[in-house]
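Right, one structure below, let's go through it.
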Amino acid sequence: MIHLASSSVASKKITRRDTLCAFARAAATFPVLGLLNACGGFSMSHDRAFRQSGLRALAARRGWHFGAAAQSGQLDDPAFARSLAREVNALVPENELKWDALRPSPETFDFRGFEELATFADEHGMILRGHTLVWHESNPAWLESLLKSAPRADAEKILREHITRVTQATQTHIREWDVVNEAIDPRSSRKDGLRETLWLQALGDSYIALAFRAASEADSGLRLVYNDFGLERGDGYGEAKRKAALRLLENLRARGAPIHGLGLQSHLRVDRPLGGRAFTDFLARARCLGLEVSVTELDMRYGNLMGDAEDKDALAQDYLRAYLEQVQQSAPLKSLLTWGLSDRYSWLRQDDDAARGMLPLDVNLERVPMWETLREAWLV
Ligand code: XIL
Numbered sequence: 597m598i599h600l601a602s603s604s605v606a607s608k609k610i611t612r613r614d615t616l617c618a619f620a621r622a623a624a625t626f627p628v629l630g631l632l633n634a635c636g637g638f639s640m641s642h643d644r645a646f647r648q649s650g651l652r653a654l655a656a657r658r659g660w661h662f663g664a665a666a667q668s669g670q671l672d673d674p675a676f677a678r679s680l681a682r683e684v685n686a687l688v689p690e691n692e693l694k695w696d697a698l699r700p701s702p703e704t705f706d707f708r709g710f711e712e713l714a715t716f717a718d719e720h721g722m723i724l725r726g727h728t729l730v731w732h733e734s735n736p737a738w739l740e741s742l743l744k745s746a747p748r749a750d751a752e753k754i755l756r757e758h759i760t761r762v763t764q765a766t767q768t769h770i771r772e773w774d775v776v777n778e779a780i781d782p783r784s785s786r787k788d789g790l791r792e793t794l795w796l797q798a799l800g801d802s803y804i805a806l807a808f809r810a811a812s813e814a815d816s817g818l819r820l821v822y823n824d825f826g827l828e829r830g831d832g833y834g835e836a837k838r839k840a841a842l843r844l845l846e847n848l849r850a851r852g853a854p855i856h857g858l859g860l861q862s863h864l865r866v867d868r869p870l871g872g873r874a875f876t877d878f879l880a881r882a883r884c885l886g887l888e889v890s891v892t893e894l895d896m897r898y899g900n901l902m903g904d905a906e907d908k909d910a911l912a913q914d915y916l917r918a919y920l921e922q923v924q925q926s927a928p929l930k931s932l933l934t935w936g937l938s939d940r941y942s943w944l945r946q947d948d949d950a951a952r953g954m955l956p957l958d959v960n961l962e963r964v965p966m967w968e969t970l971r972e973a974w975l976v
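The sequence shown begins at 597 in our numbering and counts up by one.
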């Protein structure tokens, strides 16, 4: 069963012509539009006007952020880089801040990928989110083998040093971090629902509070977030995940751990029911703990949804509307990031081309109905 909002949606594809028309309308408002600078690039004022036409401008009007994950190598694609510059005022390095990218060896740190993204973000007036300091995936082999035999004190030292060094090296750009990612697994055999990870095995369940403390000690001005997926699901998995998440967040609060936000990854599958009341109650309780809720990795998949392409797309937009309504029931959402801006570079394409990610722009960088749904259901 699909949980749908009652409103129907106009799933009209936004064509190149629509985009050009929007551009032309903007040109009337901003006469400098269309003026290239002497080098054939965009002049500063042109760049500003160009940005006015993207989701970022609508978000910025309210002091909010619309963003996307991107990889540094993708910036070499000029058309894609221009789309990013137009649409987002927040960027999250998709992989560049994970342990396996940053830590080629126990002694070394490699920030080159991050720096490319940071330069781009600076040039285009974007903030950066940090992702992620502790995760059970994307770890270098040396870390995995070291933690298997490391005494507890050594494991703690490695974690602390990493968090201190990384948050401090990036602190002029990054003010908000996904400190711990995906620590809950309802399928684990533990009563508390915590995932059996390399860190849990090395340090016990206190590794989570420890990570938040280490980040705050490194820079007390950082906003620190717990990030996870599947919290919105209306099935047994979602229920178990919410229960374990609430328990974790309450424990962190009770132990005085510095935590400021809950990140909903939001990898949505349109053939799954949404949590509805159980989900909105969960979010209200998280907010009562003083946590700000944000959407950190939105994308959509049809899953096993049947029907022709147009019907499926209309259902997907209804689903997204319903989701945004539920997320915003007890407070507006001030930050929403998609996991990739365009299907051209969606991580979902790595697994199965047919199950492509649904993101605001398609492979040709054209706006698709999801772009319009975000605008209508979130920003206007
Ligand atoms: C994914 C990246 O998109 C891939 O390129 C990489 O190979 C694996 O990680 N949840 C997360 C992200 O928190 O870090 C994951 O990113 C996607 C799921």
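Cβ atoms here follow ideal geometry from the backbone N, Cα and C, with glycine treated the same way.
Please read these numbers as outputs of a predicted model, since none were measured by experiment.
When the Cα atoms are used, what is the spatial distance from residue i to residue j?
i, j, result
"Q924", "V964", "23 Å"
"L739", "K837", "28 Å"
"R940", "N960", "7 Å"
"K908", "S745", "50 Å"
"H758", "E692", "14 Å"
"A918", "P702", "46 Å"
"R851", "N900", "42 Å"
"H664", "A912", "This sequence places Ala at residue 664; His is not what is there. Each residue's Cα considered, the two are about 19 Å apart."
"R786", "P747", "23 Å"
"V628", "L870", "Unreliable positioning characterises V628 in this predicted model, as indicated by a pLDDT of 36, which lies under 50. A coordinate reading is not provided."
"S802", "L796", "8 Å"
"E921", "L970", "11 Å"
"T704", "A811", "19 Å"
"G903", "I754", "51 Å"
"D774", "G721", "21 Å"
"L680", "A749", "43 Å"
"V730", "V821", "11 Å"
"G659", "A717", "17 Å"
"E972", "S862", "18 Å"
"R809", "H856", "12 Å"
"Q670", "A765", "23 Å"
Assign residue i to one of two classes, buried (16 or more other C-beta atoms within 10 Å of its C-beta) or exposed (fewer than that).
i, result
"R699", "buried"
"T768", "exposed"
"P956", "buried"
"P577", "This structure cannot speak to residue 577, because the chain is shown only from 597 to 976."
"G800", "exposed"
"S603", "In this prediction, S603 has a pLDDT of 33, which is less than 50 and means its spatial position is unreliable; what the coordinates show is noted afterwards. With fewer than 16 Cβ atoms within 10 Å of its Cβ, S603 is classed as exposed."
"G817", "exposed"
"V776", "buried"
"E968", "buried"
"K694", "buried"
"V976", "exposed"
"T934", "buried"
"T715", "exposed"
Let me know the secondary structure DSSP gives residue i once reduced to three states.
i, result
"V866", "coil"
"F707", "coil"
"G834", "helix"
"A880", "helix"
"A853", "coil"
"W773", "strand"
How is the alpha helix (DSSP H) around residue i delimited, first residue to last?
i, result
"D907", "A905 to V923"
"H758", "R748 to A765"
"A666", "Not the alpha helix (DSSP H): A666 falls in the beta strand (DSSP E), residues H661 to A666."
"L799", "L794 to L799"
First and last residue of the beta strand (DSSP E) that includes residue i?
i, result
"L894", "E888 to R897"
"I723", "I723 to V730"
Using a Cβ-Cβ cut-off of 7 Å, state whether residue i counts as contacting chain B.
i, result
"D895", "Absent here is chain B; the protein component of the structure consists of one chain."
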